[in-house]
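Note that the sequence shown covers residues -27 to -1, 1 to 194 in mature numbering (1 follows the signal peptide of the UniProt record, and there is no 0).
C-beta atoms are modelled at their ideal positions from N, C-alpha and C, and glycine is treated no differently.
Treat the numbers as computed from the prediction; the structure is a model and nothing was measured.
Before any comments, here is the structure.
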Amino acid sequence: MRRLALSSVLVLSLAVAPALVAQQAEAGFTSLFDGKSLSGWTLVGGRGEGYGVKDGVLFCAKGGGGKLLTDKEYSDFVLRFEFKMPPEGSNNGLGIRAPREGDAAYQGMELQIIDEAAALSGKWGTLKDAQYHGSVYGVIAAKKGAMKPAGQWNVQEVTAKGKQITVVLNGQTILDADLSTVTDPAVLKQHPGVLRTSGHIGLLGHNDYIEFRNIRIKELR
(Lines of atoms letter the chains of each structure in order from A and count residues from 1; the text may use other names and numbers.)
(Lines give C-alpha, C1' and ligand atoms only; values in the text may rest on other atoms or scores of the structure.)
Protein backbone atom coordinates (compact mmCIF):
# COMPACT_ATOMS: atom_id res chain seq x y z
CA MET A 1 0.00 0.00 0.00
CA ARG A 2 2.86 2.38 0.84
CA ARG A 3 4.50 1.70 -2.53
CA LEU A 4 1.19 2.32 -4.28
CA ALA A 5 0.73 5.59 -2.43
CA LEU A 6 4.23 6.76 -3.29
CA SER A 7 3.72 5.80 -6.92
CA SER A 8 0.48 7.77 -7.01
CA VAL A 9 2.22 10.83 -5.57
CA LEU A 10 4.99 10.51 -8.16
CA VAL A 11 2.52 10.25 -11.03
CA LEU A 12 0.60 13.26 -9.71
CA SER A 13 3.82 15.25 -9.34
CA LEU A 14 4.85 14.49 -12.91
CA ALA A 15 1.42 15.53 -14.15
CA VAL A 16 1.44 18.80 -12.20
CA ALA A 17 5.04 19.74 -13.03
CA PRO A 18 4.38 20.96 -16.60
CA ALA A 19 1.52 23.14 -15.37
CA LEU A 20 3.75 24.67 -12.71
CA VAL A 21 6.44 25.36 -15.30
CA ALA A 22 3.86 27.01 -17.55
CA GLN A 23 2.63 29.17 -14.67
CA GLN A 24 6.16 30.22 -13.80
CA ALA A 25 6.86 31.07 -17.46
CA GLU A 26 3.79 33.33 -17.46
CA ALA A 27 4.63 35.02 -14.17
CA GLY A 28 3.89 38.72 -14.33
CA PHE A 29 1.59 38.49 -17.34
CA THR A 30 -1.93 39.93 -17.37
CA SER A 31 -4.64 38.74 -19.73
CA LEU A 32 -5.95 41.33 -22.20
CA PHE A 33 -8.80 39.11 -23.45
CA ASP A 34 -11.14 37.20 -21.16
CA GLY A 35 -12.39 34.91 -23.92
CA LYS A 36 -15.97 36.12 -23.46
CA SER A 37 -16.15 39.83 -24.24
CA LEU A 38 -14.29 42.87 -25.56
CA SER A 39 -13.98 44.29 -22.07
CA GLY A 40 -10.87 46.48 -21.86
CA TRP A 41 -10.95 47.28 -25.57
CA THR A 42 -12.54 50.11 -27.56
CA LEU A 43 -13.29 50.06 -31.28
CA VAL A 44 -12.34 53.27 -33.09
CA GLY A 45 -13.43 53.87 -36.67
CA GLY A 46 -15.15 50.51 -36.92
CA ARG A 47 -16.27 49.15 -40.29
CA GLY A 48 -18.87 46.51 -41.06
CA GLU A 49 -19.33 44.16 -38.13
CA GLY A 50 -15.98 45.21 -36.71
CA TYR A 51 -14.74 42.72 -34.12
CA GLY A 52 -16.51 40.09 -32.08
CA VAL A 53 -16.07 37.13 -29.74
CA LYS A 54 -17.08 33.50 -30.26
CA ASP A 55 -15.95 30.16 -28.86
CA GLY A 56 -13.23 31.81 -26.79
CA VAL A 57 -11.60 33.68 -29.66
CA LEU A 58 -11.55 37.34 -30.62
CA PHE A 59 -12.19 37.79 -34.33
CA CYS A 60 -12.20 40.49 -36.96
CA ALA A 61 -15.28 39.98 -39.10
CA LYS A 62 -15.09 39.51 -42.86
CA GLY A 63 -15.56 42.96 -44.34
CA GLY A 64 -15.07 44.47 -40.89
CA GLY A 65 -12.25 46.19 -39.12
CA GLY A 66 -11.15 49.46 -37.66
CA LYS A 67 -8.85 49.95 -34.70
CA LEU A 68 -9.62 47.80 -31.68
CA LEU A 69 -7.53 49.53 -29.02
CA THR A 70 -6.75 48.62 -25.43
CA ASP A 71 -8.26 51.10 -23.01
CA LYS A 72 -4.92 51.24 -21.23
CA GLU A 73 -1.70 52.62 -22.66
CA TYR A 74 1.63 50.79 -22.50
CA SER A 75 5.26 51.77 -22.89
CA ASP A 76 7.71 48.86 -22.50
CA PHE A 77 6.21 45.37 -22.49
CA VAL A 78 6.20 41.76 -23.61
CA LEU A 79 3.02 40.83 -25.47
CA ARG A 80 2.08 37.23 -26.24
CA PHE A 81 -0.81 36.04 -28.36
CA GLU A 82 -1.94 33.48 -30.91
CA PHE A 83 -3.58 34.10 -34.26
CA LYS A 84 -5.15 31.98 -36.99
CA MET A 85 -6.03 32.94 -40.54
CA PRO A 86 -8.60 31.37 -42.89
CA PRO A 87 -7.48 29.37 -45.96
CA GLU A 88 -7.65 32.43 -48.22
CA GLY A 89 -5.26 34.34 -45.96
CA SER A 90 -5.75 37.56 -44.04
CA ASN A 91 -4.34 41.05 -43.63
CA ASN A 92 -4.44 42.69 -40.21
CA GLY A 93 -1.98 44.51 -38.00
CA LEU A 94 -0.77 44.93 -34.44
CA GLY A 95 -0.59 48.53 -33.34
CA ILE A 96 1.89 49.35 -30.57
CA ARG A 97 2.42 52.65 -28.75
CA ALA A 98 -0.43 53.94 -30.88
CA PRO A 99 -2.45 57.10 -30.23
CA ARG A 100 -6.24 56.89 -30.16
CA GLU A 101 -6.56 59.20 -33.14
CA GLY A 102 -4.89 58.92 -36.52
CA ASP A 103 -3.50 55.95 -38.44
CA ALA A 104 -1.66 53.60 -36.09
CA ALA A 105 0.72 52.56 -38.90
CA TYR A 106 2.03 56.11 -39.10
CA GLN A 107 1.15 58.02 -35.92
CA GLY A 108 2.04 54.91 -33.93
CA MET A 109 3.72 51.72 -35.08
CA GLU A 110 2.12 48.80 -36.86
CA LEU A 111 3.68 45.36 -36.75
CA GLN A 112 2.25 43.74 -39.84
CA ILE A 113 0.00 40.69 -39.47
CA ILE A 114 -0.45 39.17 -42.91
CA ASP A 115 -0.52 35.70 -44.41
CA GLU A 116 2.92 35.18 -45.90
CA ALA A 117 1.97 32.61 -48.54
CA ALA A 118 -0.96 34.68 -49.81
CA ALA A 119 1.18 37.81 -49.84
CA LEU A 120 3.94 36.10 -51.82
CA SER A 121 1.34 34.87 -54.32
CA GLY A 122 0.30 38.46 -55.00
CA LYS A 123 -3.06 38.53 -53.20
CA TRP A 124 -2.44 42.14 -52.17
CA GLY A 125 -0.34 43.14 -55.14
CA THR A 126 3.41 43.63 -54.97
CA LEU A 127 4.48 44.26 -51.38
CA LYS A 128 7.67 45.89 -50.22
CA ASP A 129 9.87 43.95 -47.80
CA ALA A 130 8.71 46.04 -44.83
CA GLN A 131 5.07 45.15 -45.56
CA TYR A 132 5.41 41.44 -44.79
CA HIS A 133 4.45 39.78 -41.51
CA GLY A 134 6.24 40.99 -38.39
CA SER A 135 7.73 44.06 -40.03
CA VAL A 136 7.50 47.53 -38.52
CA TYR A 137 5.18 48.52 -41.33
CA GLY A 138 6.93 50.59 -43.97
CA VAL A 139 10.02 51.03 -41.80
CA ILE A 140 11.95 47.84 -40.94
CA ALA A 141 11.51 44.46 -42.64
CA ALA A 142 11.12 41.19 -40.76
CA LYS A 143 12.44 37.80 -41.85
CA LYS A 144 10.16 35.43 -43.71
CA GLY A 145 9.65 31.69 -43.33
CA ALA A 146 8.38 31.21 -39.76
CA MET A 147 4.63 31.38 -40.34
CA LYS A 148 2.47 28.27 -40.21
CA PRO A 149 0.03 27.52 -43.05
CA ALA A 150 -3.34 29.27 -42.99
CA GLY A 151 -5.77 27.41 -40.76
CA GLN A 152 -3.18 26.68 -38.07
CA TRP A 153 -2.53 28.66 -34.89
CA ASN A 154 0.59 30.82 -34.86
CA VAL A 155 2.24 31.84 -31.58
CA GLN A 156 3.79 35.29 -31.44
CA GLU A 157 5.70 37.29 -28.85
CA VAL A 158 6.46 40.99 -29.18
CA THR A 159 8.90 42.77 -26.89
CA ALA A 160 9.08 46.55 -26.89
CA LYS A 161 11.81 47.93 -24.64
CA GLY A 162 12.93 51.46 -25.31
CA LYS A 163 13.91 51.65 -28.96
CA GLN A 164 14.32 47.89 -29.32
CA ILE A 165 11.44 45.96 -30.91
CA THR A 166 11.66 42.16 -31.10
CA VAL A 167 9.18 39.79 -32.72
CA VAL A 168 9.34 36.02 -32.19
CA LEU A 169 7.00 33.93 -34.35
CA ASN A 170 6.58 30.23 -33.58
CA GLY A 171 9.89 30.21 -31.71
CA GLN A 172 11.87 32.02 -34.41
CA THR A 173 13.08 35.61 -34.06
CA ILE A 174 11.90 37.35 -37.21
CA LEU A 175 12.54 40.94 -36.12
CA ASP A 176 15.13 42.44 -33.79
CA ALA A 177 15.02 46.12 -34.63
CA ASP A 178 16.70 49.16 -33.12
CA LEU A 179 14.46 52.14 -33.88
CA SER A 180 17.36 54.52 -33.30
CA THR A 181 18.76 53.31 -36.64
CA VAL A 182 15.77 54.82 -38.44
CA THR A 183 17.29 58.14 -39.50
CA ASP A 184 15.98 58.68 -43.04
CA PRO A 185 14.12 62.03 -42.89
CA ALA A 186 11.54 60.85 -45.43
CA VAL A 187 10.73 57.74 -43.38
CA LEU A 188 10.52 59.69 -40.14
CA LYS A 189 8.23 62.24 -41.76
CA GLN A 190 5.87 59.52 -42.97
CA HIS A 191 6.15 57.42 -39.79
CA PRO A 192 6.57 59.86 -36.87
CA GLY A 193 5.11 57.19 -34.58
CA VAL A 194 8.43 55.35 -34.41
CA LEU A 195 9.51 58.08 -31.98
CA ARG A 196 6.60 57.46 -29.59
CA THR A 197 7.43 55.91 -26.23
CA SER A 198 3.93 54.86 -25.14
CA GLY A 199 0.41 54.36 -26.40
CA HIS A 200 -2.33 51.83 -26.96
CA ILE A 201 -2.03 48.29 -28.26
CA GLY A 202 -4.41 47.71 -31.13
CA LEU A 203 -5.70 45.17 -33.61
CA LEU A 204 -5.90 46.89 -36.97
CA GLY A 205 -8.46 45.18 -39.18
CA HIS A 206 -8.37 45.50 -42.96
CA ASN A 207 -11.66 43.79 -43.91
CA ASP A 208 -10.27 40.25 -43.63
CA TYR A 209 -11.38 37.56 -41.18
CA ILE A 210 -8.82 36.52 -38.55
CA GLU A 211 -8.93 35.01 -35.05
CA PHE A 212 -6.91 35.83 -31.93
CA ARG A 213 -6.68 34.14 -28.54
CA ASN A 214 -4.55 33.97 -25.38
CA ILE A 215 -3.63 37.66 -25.53
CA ARG A 216 -1.60 38.65 -22.49
CA ILE A 217 0.95 41.28 -21.55
CA LYS A 218 3.76 41.85 -19.09
CA GLU A 219 4.82 45.43 -18.45
CA LEU A 220 8.55 46.05 -18.20
CA ARG A 221 9.80 48.56 -15.66
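1) Distance check for Leu11 and Gly95, CA to CA, integer angstroms please.
2) Looking only at its chain, what residues have a beta carbon closer than 7 Å to the beta carbon of Arg73, apart from the 5 residues adjacent to it on each side?
3) Whole angstroms are fine: how far does the CA of Val140 sit from the CA of Thr132?
4) Taking buried to mean at least 16 other C-beta atoms within 10 Å of its own C-beta, is Ala71 buried or exposed?
5) With H, G and I counted as helix, E and B as strand and the rest as coil, what does DSSP make of Thr15?
6) Assuming contact is defined by CB atoms lying nearer than 8 Å, are Gly29 and Gly8 in contact in what I supplied?
7) Given Ile38, which residues of its chain have a CB within under 6 Å of its CB, disregarding the five upstream and five downstream residues?
8) What runs of the beta strand (DSSP E), each 3 residues or longer, lie entirely inside the stretch 45 to 91?
9) Under 7 Å Cβ to Cβ from Asn64, same chain only, skipping five residues before and after it: list those, please.
10) Contact check, Phe185 vs Leu176 under 8 Å by CB: the rounded distance?
11) Given this structure, state the Cα-to-Cα distance separating Asp44 from Leu100, to the nearest angstrom.
12) Starting from Ala150, follow its DSSP beta bridges and name the residues at the other end.
13) Pick from Leu168, Ala(-1), Lys40: whose alpha carbon is nearest that of Arg53?
In brief:
1) 33 Å
2) Val17, Leu42, His173
3) 7 Å
4) Counting the other CB atoms within 10 Å of its CB gives Ala71 a total of 16 or more, which places it among the buried residues.
5) strand
6) Result yes, Cβ atoms of Gly29 and Gly8 sit closer than 8 Å.
7) According to the sequence provided, residue 38 is Gly. The question's Ile does not apply to it. Cβ within range, chain order: Arg20, Gly178, His179, Asn180.
8) 50 to 57, 64 to 71, 82 to 87
9) Ile87, Trp97, His179, Asp181
10) 7 Å
11) 32 Å
12) Ile138
13) Ala(-1)
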